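First the structure, in the form of C-alpha cells, and then the observations on it.
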Amino acid sequence: MDSVDRIVERIRGASFCWIANAQSQTIALAAQQQARMQVFVEAFSTLSERNTDLTEYLANGVAPENELSLKNFMVQRWMIYENDYLQYRLGLMDEDMWNAKFNSVEGLYNGTNRKDCVLAHYVYDAMKIGFDHNFVEIVESIPSDCP
C-alpha cells in the first residue's frame, strides 16, 4: 500500500469517527429534550389531578383556589429553567431553544399580572440560594415592574 492509499484510509477512518460523534451528539440532544418534556408532562398531570386549569392560569393568572398548586408548579418551573440554562451552557441546547426557554423565564419572572409577579418573585427568592450564580444573574437582569 503506497502512502497515498494510507492517507486516504486515514481520512476515511477520521471521517467515520467524526460522523459517528456527530450522530451521538444529535442523539444526546434529542434525549435531553425528551427528558425535559417528560418533566413538564408530569407537572401538567399533577395540575390536572388537582383540577387546576393551566391555560386559565397562563391567560389570567393565579386563581385563589389554585394558588398552592400553581406555587408548586412555579417551583418546578424555576428548577427546570435553571437546568435548561445549565444544559445550554454545556452545549446540550442550541441558541434558538435557549432563547425560547429564556422567553418563558421572562414570562414567569414578570407574571401575568401583579399578583402572579409577586408570587413568582416570592418563589424565586426562596429558591435562588440553591441556583447557579450565573443563572441568578441572568434572571435578575430581567426588567420587572414587580413590587
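So the sequence shown is residues 12 to 158, counted in the working numbering.
Just so it is clear, CB atoms sit at the ideal spot from N, CA and C, and this is done for glycine as well.
As the structure is a computational prediction, the values presented were derived from the model and not from experiment.
Non-local C-beta neighbours of I153 in its own chain, meaning closer than 8 Å and more than five positions away in sequence, comprise V116, E117, Y120, N121, ordered along the chain. With contacts defined by Cβ atoms closer than 8 Å, W89 and V134 form a contacting pair. For L119, the uninterrupted alpha helix (DSSP H) run begins and ends at 106-121, by DSSP.
Boundaries of the alpha helix (DSSP H) harbouring I149: 144-151, taken from the DSSP string. Going by beta carbons, D143 and E106 fall outside the 8 Å limit. L101 counts as exposed, since fewer than 16 other C-beta atoms from the protein chains shown sit within 10 angstroms of its C-beta. Within a 10 Å sphere around the beta-carbon of A131 sit 16 or more other beta-carbons, which makes this residue buried.
For S155, the secondary structure class from DSSP, reduced to helix, strand or coil, is coil. Here DSSP, grouped into helix, strand and coil, assigns G141 to helix. Annotation for K139: V147 place their beta carbon closer than 6 Å to its own, counting only its chain and skipping 5 residues before and after.
For N83, the three-state secondary structure derived from DSSP is helix.
Distance between D95 and N124, taken at the CA atoms: about 25 Å. L79 counts as exposed, since fewer than 16 other C-beta atoms from the protein chains shown sit within 10 angstroms of its C-beta.
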